[in-house]
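Asks: Residue numbers (numbering that gives the first Met the number 0): 0 to 513. Glycine is no exception: its CB is placed at the ideal position from the N, C-alpha and C atoms.
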Amino acid sequence: MALASVGAGLAARPHRSRQRTLLLMHSRNRTFLQIACLEICERFGFYGLQSVSIAYFVQTMGLTEQGAVMLWGAFSALMFGIPVLGGWLGDRVLGTRRTVTIAMALLAVGYSGLSCGLGGSAGVSLVLAVLILGGGIFKPNVASLLRQTFSDASDRVDIVFTIYYMSINIGATVAAIAIPFLAEHIGWRKSFAIAAAVLWLGFAVSLTLPRTVAAARKRDTWVWPACAAAIGLAFVLLHYPALARVCIWIAAIAILLVWSFLYHRATPTWRLGLRLSFALQAQAVLFFLFNQQIATSLTSFARDHVATTIRVAGVNCVLQAGQFQSLNNLWILAIAPGLAALYHRAERRDRPISLPIRFLCGFIFLALSFQLWRAAALASINATISPWWMVAGYALFSAGELLIAALGLAAIARYAPPGATGQLMGCFSVLAGLTSYLGSVVATGVSVGGASDGAAAPMAYAHLFGDLCMLASLAALGSALFIPVARRMDARWRGAEPVTTTLRREQDMMDIAL
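Shown next as structure tokens:
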């Protein structure tokens, strides 16, 4: 009888083990869907606002179009900078889950403020400051939640992050199509009320996240005054553009000091990797200058000089200017699977595509996109042009984005010394914000004013797009010249790096994923 009981117990163990595995997989899948839903909600709000930002600022704040472009630039720069503090807040103080819930609440309150019709410069600046804090602390912590959920499932990480990236583009695409349409047909307040409802839904979902994930570690009584102070500081910087420009220069100097400190503290071996990392980051961060044109000069050009009707499959579709921004996300969804397959095939043939070569190809695509848009601007001197010019231009631009956008972080992950990865990634985020701000400065060089009867406005766009094409071409040339130098530096670093075989293998796996 005893032997029979033991045998029954042993037979039951595999069954219980399978049950635990299935329960764990179910819990992970449920948590992943919750995180993806949060990301879709947050991106819906951000890209919805981006798609109408310039027109909204002009109409509700009484700004000139150049002033509206610069306000969006300051908003973007601050949105990139706050995640540096947001990651620390989630990791060390509040806990990741709690920080995400607070971020969703701030975002929902912000979009609710827009839906209430807060007019004037002060009212909109205050709402934008709330959105900056909410979005800034959301970004690093939602990604951290995903990493924690699948921390012991390394075989699924690539698939998980791929689907996660797709969810970002789903939210962005839907918003870029829906919000301009709604703003045109039902008004600003109701369109932002829909965005607010989506964010309140996200807040409700955040409350259902597993409570076992990322508990708080320290007392947090000081956090709430600090959040209020952060909102106040963002409000001041948005409300006083001259002060924002001063802070941009201060941030740039601070990053150079951090880089210098890390370099001098590193051992000679790791300095090899840091030099290569700095060079690759400088190339990657340049992309954000071009990316800022989507919300600024490209949307203004579509509004002034591109026909609003496009014929697709025999059906005429009417587009608002902001809806053209969705082309970027749609092309990313279309191109990304093929590019991933190309990377995988190159790896299987033991001929991986190096980071410098990806930069070179990416900048070539960017140069071609702005050269195409330059030709479109010249063609629009006498009459509005077909929307297919924008479709083709965004196809080239999106291919360039996929080749460049994530490579700065890849360079940091590969070459950063132990203990410096977080600092370098924080610096890269701030650099991306600074470059976005410079992109807005570049966009204000266009003489915009809504009237497009004569040739002055199209020629201004042609000059801007031509200059951006030249800048991308110079970046491509620099990338091409840097390839042999990068190969030598990488070979020296790999020959001297004091890392284990396991770490080297993990870095190679990361490269394949990227």
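In this structure, how does DSSP classify I445 when only helix, strand and coil are distinguished?
Replies: Translated into the one-based positions of the sequence shown, residue 445 becomes position 446. In the sequence as displayed, the identity of residue 445 is Val instead of Ile. DSSP places V445 in coil when its eight states are reduced to three.
Asks: Please classify I185: is it buried, with 16 or more other beta-carbons within 10 angstroms of its beta-carbon, or exposed?
Replies: Translated into positions along the sequence shown, residue 185 becomes position 186. The residue in question, I185, is exposed, as its Cβ has fewer than 16 Cβ neighbours within 10 Å.
Asks: Scan the region 50-105 and note each continuous beta strand (DSSP E) run of 3 residues or more that stays entirely inside, going in chain order.
Replies: With a minimum length of 3 residues, no continuous beta strand (DSSP E) run stays inside the region 50-105.
Asks: Can F427 and L408 be called in contact, C-beta distance under 8 Å?
Replies: Working through the sequence shown from its first residue, we reach residue 427 at position 428. Working through the sequence shown from its first residue, we reach residue 408 at position 409. Yes.
Asks: Which residue or residues does DSSP assign as beta-bridge partners of N315?
Replies: Stepping through the sequence shown from its first residue, residue 315 is reached at position 316. Answer is R310.
Asks: So, do the region 457-470 and the region 320-328 have three or more beta carbon pairs nearer to each other than 8 Å?
Replies: No: the two stretches stay apart, fewer than three of their Cβ pairs being nearer than 8 Å.
Asks: Suppose you measure from the CA of A251 to the CA of K138; what does that come to, to the nearest Å?
Replies: The residue labelled residue 251 in the question sits at position 252 within the sequence shown. The residue labelled residue 138 in the question sits at position 139 within the sequence shown. About 22 Å.
Asks: Taking Cβ to Cβ, would you say L288 is nearer than 8 Å to F74?
Replies: Taking the first residue of the sequence shown as position 1, residue 288 is located at position 289. Taking the first residue of the sequence shown as position 1, residue 74 is located at position 75. It is not a contact, given that the beta carbons lie outside the stated cut-off.
Asks: With DSSP collapsed to three states, give me the class of I334.
Replies: As a first step, residue 334 must be located in the sequence shown, where it is residue number 335. Three-state DSSP puts I334 in a helix.
Asks: Of the choices S143, F277, G66, A340, whose alpha-carbon is the least far from that of A485?
Replies: Numbered from 1 along the sequence shown, position 486 holds the residue referred to as residue 485. The shortest C-alpha separation from A485 is found at F277.
Asks: Determine the DSSP secondary structure at I39, reduced to helix, strand or coil.
Replies: If you number the sequence shown from 1, residue 39 lands on position 40. Here I39 sits in helix by DSSP.
Asks: Does the distance from the CB of G133 to the CB of F45 come in under 8 Å?
Replies: Within the sequence shown, the letter at position 134 stands for residue 133. Within the sequence shown, the letter at position 46 stands for residue 45. No.
Asks: Would L359 be called buried (16 or more neighbouring beta carbons within 10 Å of its own) or exposed?
Replies: By 1-based counting over the sequence shown, the position of residue 359 is 360. Looking at its Cβ environment, which holds 16 or more other Cβ atoms inside 10 Å, L359 is buried.
Asks: For A104, which residues from the same chain have a beta carbon less than 6 Å from its beta carbon, with the 5 sequence-adjacent residues on both sides left out?
Replies: On the sequence shown, position 105 is the one that residue 104 refers to. Correct list, in chain order: F202.
Asks: According to DSSP, is I380 helix, strand or coil?
Replies: Here residue 380 is taken as the residue at index 381 of the sequence shown, counted from 1. The answer is coil: DSSP assigns I380 none of H, G, I, E or B.
Asks: Tell me the residue span of the alpha helix (DSSP H) that contains D349.
Replies: By one-based count along the sequence shown, residue 349 stands at place 350. From DSSP, D349 is part of no alpha helix (DSSP H); its letter is neither H nor E.
Asks: List the whole-angstrom C-beta distance separating C40 from V141, where the pair is believed to meet the contact cut-off of C-beta under 8 Å.
Replies: As a position in the sequence shown, residue 40 is number 41, starting the count at 1. As a position in the sequence shown, residue 141 is number 142, starting the count at 1. Not quite, the Cβ-Cβ distance comes to about 10 Å (not below 8 Å), so this is no contact.
Asks: Would you list the residues sitting across from V123 in a DSSP beta bridge?
Replies: Numbered from 1 along the sequence shown, position 124 holds the residue referred to as residue 123. Partner(s): none; V123 has no beta bridge.
Asks: Out of W372, L332, A374, I411, which has the shortest C-alpha to C-alpha gap to Y163?
Replies: Along the sequence shown, one-based indexing puts residue 163 at 164. The shortest C-alpha separation from Y163 is found at L332.
Asks: Between the Cα of L93 and the Cα atoms of V245, Y460, T220, which residue gives the shortest distance?
Replies: Taking the first residue of the sequence shown as 1, we reach residue 93 at position 94. The candidate whose alpha carbon is nearest that of L93 is T220.
Asks: Once the 5 residues before and after A431 are set aside, which same chain residues still bring their CB inside 6 Å of it?
Replies: By one-based count along the sequence shown, residue 431 stands at place 432. Excluding sequence neighbours, A431 sits near F79, V284, F287.
Asks: Are T172 and R27 closer than 8 Å when you measure CB to CB?
Replies: As a first step, residue 172 must be located in the sequence shown, where it is residue number 173. As a first step, residue 27 must be located in the sequence shown, where it is residue number 28. Not in contact: T172 and R27 (Cβ atoms no closer than 8 Å).
Asks: Compute the Euclidean distance between the alpha carbons of D349 and I363, then round it to the nearest angstrom.
Replies: Against the sequence shown, residue 349 aligns to sequence position 350. Against the sequence shown, residue 363 aligns to sequence position 364. Going by the C-alpha atoms only, they are around 25 Å apart.
Asks: Could you tell me which residues DSSP puts in a beta bridge with V305?
Replies: Taking the sequence shown and counting its residues from 1, one reaches residue 305 at position 306. DSSP output for V305 lists I384 as bridge partner(s).
Asks: P224 lies in the alpha helix (DSSP H); which residues open and close that run?
Replies: Here residue 224 corresponds to residue number 225 of the sequence shown, with the count starting at 1. Here the alpha helix (DSSP H) through P224 covers 222-238.
Asks: Can you give the Cα-Cα distance for I167 and Q280, rounded to whole angstroms?
Replies: Counting from one through the sequence shown, the residue named residue 167 turns up at place 168. Counting from one through the sequence shown, the residue named residue 280 turns up at place 281. Near 23 Å, if we compare the C-alpha coordinates of Q280 and I167.
Asks: DSSP on A415, reduced to helix/strand/coil?
Replies: Numbered from 1 along the sequence shown, position 416 holds the residue referred to as residue 415. It is coil, neither helix nor strand.
Asks: Using the three-state DSSP reduction, which class does L206 fall into: helix, strand or coil?
Replies: Stepping through the sequence shown from its first residue, residue 206 is reached at position 207. L206: coil per DSSP, three-state reduction.
Asks: Quick one, are the C-beta atoms of A375 and I384 less than 8 Å apart?
Replies: Here residue 375 refers to the residue found at position 376 when the sequence shown is read from its first residue. Here residue 384 refers to the residue found at position 385 when the sequence shown is read from its first residue. Yes, the Cβ-Cβ distance between A375 and I384 is below 8 Å.
Asks: In the DSSP assignment, find the unbroken alpha helix (DSSP H) run with Q280 in it and report its ends.
Replies: Residue 280 sits at position 281 when you count from the first residue of the sequence shown. Start and end: 267-290.
Asks: Short check: CB of I230 to CB of A294, under 8 Å?
Replies: Stepping through the sequence shown from its first residue, residue 230 is reached at position 231. Stepping through the sequence shown from its first residue, residue 294 is reached at position 295. It is not a contact, given that the beta carbons lie outside the stated cut-off.
Asks: Taking 8 Å as the CB-CB limit, is A366 close to chain C?
Replies: Reference to chain C is not applicable here, since this structure consists of a single protein chain.
Asks: Distance, Cα to Cα, F31 vs W199?
Replies: Stepping through the sequence shown from its first residue, residue 31 is reached at position 32. Stepping through the sequence shown from its first residue, residue 199 is reached at position 200. F31 and W199: Cα-Cα distance of roughly 19 Å.
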